[in-house]
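Participant: Quick note on numbering: the sequence shown equals residues 11 to 380 in our numbering.
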Amino acid sequence: MALIDFSCAFDRVWHTGLLHKLIQLGAPPCLVRSIKAFLANRQSRVRFEGKTSRHLKFTGGVPQGGVLSPTWFLIFINDISTNLPEGIEISLVADDLALLVQHENLDEAASLLQQGLQCVEDWSLQWKMTLNVEKCEVTHFSKWTKEATWRPTVKLLGQNLSYAEFPTFLGVTFDRQLTFRQHVGRIKQKAAKRINTLRCLAGKSWGSEKEDLRLVYLAYIKSAWYPCVSKENREKLEVTQRDAARTITGCTKNTNSKLLINEAGLLPLYVESDIAQATAYERCLRLPGDDPLREIAENPVRRRLKSLGTWRENGKSSAKDSGLEDLPRERLIPVPDIPPWMIPDTFSCSPSLTTSVSETEPSGSTESSS
């Protein structure tokens, strides 16, 4: 896997290239002109110790914090995967880009990944985006211990990419054997700091009520959990959850673990894990038939590990145990075949408001100016 970093991604969007891609996508000319006018002649200056610098005109980039800026950036970068060779998977979330290659031969995998990096390099030169090679990383995953130590050698812009033993992508810390021990360790550290905050809210003779502490735990601490982990890692998180449960309930350290979790009104993490996997599986099966997530959920893959089941297998098992396996599933996102604006009598226009717009204004007293 290669993690690609763009230098100042949102600030380097080429305006001419963005407008060109909007036209290619079939955007109305009036919309393209409006976006062009919005992005043109943007300036800024700095005030320091009572002195103001000269204006600096921006020749590229989309406004940071703009509502439409993420959408424009996605339109601009969406075709980066067009020329990738077959066999390369791409993960693209905003400006977080990863190339993934899977092959039984390590040298073939490195060669294929190098071709993908060359395509990314060519795309960045064509569309005037700057790659930050110092922050780009490459790593290798394998459950086989002998293979896990192998380090691929690939280049980007003529420089070898640095090897990351524990890369972080989209908030998840990976390791070379995909045990997620480093990720769970980071979660424990993060949760421990938040539990200290919870203790500040709970005193022996004062502080928040038990239910309030429980809500704080669910919203502030439990949100850091990663439920679908191995039994070994889950037991480490159980220790942290029991620590939080003692803070919520005020129970002593010698309290039975099951009774402690029950008294705090929480669920054991293995139950949370089963719920998360079953929910993900059922949501995927309710998507449209051509959705990639549904294809992943329905198509079985060759199982390489005997001891560790997949979320697909665990979700299917939960559905079977609950009696839901053979029942018809309603679509998660029902999309009508006919657009709503093509259906007669769908919309109506009223020249006056039927309800009051404020507490002091009587109903029906305000009419629209149009």
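For glycine and all other residues, C-beta sits at the position ideal for the given N, C-alpha and C.
If you draw a straight line from the alpha carbon of residue 24 to that of residue 329, how long is it in whole angstroms?
Facilitator: Cα to Cα, residue 24 sits roughly 49 Å from residue 329.
Participant: Quick one: does residue 287 have its CB under 8 Å from some CB of chain C?
Facilitator: Structure shown: chain C not included; a single protein chain is present.
Participant: State the Cα-Cα distance for the pair residue 250 and residue 64, rounded to the nearest angstrom.
Facilitator: So the alpha carbons of these two residues sit roughly 54 Å apart.
Participant: Would you mind reading off the limits of the alpha helix (DSSP H) that contains residue 330?
Facilitator: Residues 321-331.
Participant: Rounded C-beta distance between residue 82 and residue 28? I'm assuming under 8 Å.
Facilitator: At roughly 6 Å, the Cβ-Cβ gap stays under 8 Å, so residue 82 and residue 28 are in contact.
Participant: For residue 48, which option in 68, 112, 159 and 149 has the closest C-alpha, if you only look at C-alpha atoms?
Facilitator: Of the listed residues, the one whose Cα sits closest to residue 48 is 68.
Participant: Is residue 170 buried or exposed, if buried means 16 or more other CB atoms sit within 10 Å of its CB?
Facilitator: Flag for residue 170 reads exposed.
Participant: Below 6 Å CB to CB, which residues in the same chain sit around residue 152 once its five sequence neighbours on both sides are set aside?
Facilitator: Once the five neighbours on either side are set aside, the close Cβ partners of residue 152 are 158.
Participant: For the candidate residues 108, 130 and 80, whose alpha-carbon lies nearest to that of residue 94?
Facilitator: Per the Cα distances, 130.
Participant: To the nearest angstrom, how far is the alpha carbon of residue 127 from that of residue 165?
Facilitator: Approximately 8 Å between the Cα atoms of the pair.
Participant: So what's residue 99 in DSSP terms, helix, strand or just coil?
Facilitator: DSSP places residue 99 in strand when its eight states are reduced to three.
Participant: Could you say which of 241, 123, 177 and 248 lies nearest to residue 267 if we only look at CA atoms?
Facilitator: Of 241, 123, 177 and 248, the residue nearest in Cα terms is 248.
Participant: Please give me, in chain order, every unbroken run of the alpha helix (DSSP H) with length at least 4 that falls completely inside the region 235-283.
Facilitator: The qualifying runs are 241-259 and 267-273.
Participant: Less than 8 Å between the beta carbons of residue 274 and residue 208, yes or no?
Facilitator: Not in contact: residue 274 and residue 208 (Cβ atoms no closer than 8 Å).
Participant: Are there 16 or more other CB atoms within 10 angstroms of the CB of residue 200, so buried, or fewer, so exposed?
Facilitator: That one is exposed.
Participant: If I follow the unbroken beta strand (DSSP E) through residue 14, where does it start and stop?
Facilitator: Per DSSP, residue 14 belongs to the beta strand (DSSP E) from 12-14.
Participant: What is the DSSP secondary structure of residue 72, reduced to helix, strand or coil?
Facilitator: Residue 72: coil per DSSP, three-state reduction.
Participant: For residue 59, name the three-state secondary structure that DSSP assigns.
Facilitator: Three-state result, residue 59: coil.
Participant: Please identify the residue among 205, 52 and 252 whose C-alpha is closest to the C-alpha of residue 229.
Facilitator: Looking at the Cα atoms, 205 is the closest of the given residues.
Participant: Considering only residues of the same chain and omitting the five flanking positions on each side of residue 103, which have a CB-CB separation below 8 Å?
Facilitator: Hits under 8 Å: 180.
Participant: Taking all protein chains shown into account, do 16 or more other C-beta atoms lie within 10 angstroms of the C-beta of residue 193, making it buried, or fewer, making it exposed?
Facilitator: Residue 193 comes out buried.
Participant: Please report the distance separating the alpha-carbon of residue 3 from that of residue 256.
Facilitator: Nothing can be reported for residue 3, as the shown portion of the chain is limited to 11 through 380.
Participant: Thinking just about the alpha-carbon of each residue, which of 289, 300, 118 and 18 is nearest to the one in residue 74?
Facilitator: Residue 18 is the option with its Cα nearest to residue 74.
Participant: Kindly identify the DSSP beta-bridge partner or partners of residue 66.
Facilitator: Paired residues: 54.
Participant: Cβ of residue 220 within 8 Å of Cβ of residue 258?
Facilitator: Cβ atoms of residue 220 and residue 258: closer than 8 Å.
Participant: Pick helix, strand or coil for residue 147, following the three-state DSSP scheme.
Facilitator: The answer is strand: DSSP assigns residue 147 an E or B state.
Participant: Give every residue of the same chain whose Cβ lies closer than 6 Å to the Cβ of residue 162, excluding the five residues on either side of it in the sequence, and list them in chain order.
Facilitator: These residues qualify, in order along the chain: 120, 148 and 150.
Participant: Since I believe residue 100 is in contact with residue 91 (beta carbons under 8 Å), could you give me their beta-carbon distance rounded to a whole number of angstroms?
Facilitator: So it is a contact: roughly 5 Å between Cβ atoms.
Participant: For residue 381, does the count of other Cβ atoms within 10 angstroms reach 16, so buried, or fall short, so exposed?
Facilitator: For the chain, the structure presents residues 11 to 380; residue 381 sits outside this window and is missing.
Participant: In this structure, what does DSSP give as the bridge partners for residue 169?
Facilitator: Bridge partners of residue 169: 166.
Participant: Taking the continuous alpha helix (DSSP H) assigned at residue 222, which residues delimit it?
Facilitator: Note, residue 222: alpha helix (DSSP H), 220-226.
Participant: Using only the alpha-carbon positions, how far apart do residue 138 and residue 39 sit?
Facilitator: Between residue 138 and residue 39, the C-alpha separation is close to 24 Å.
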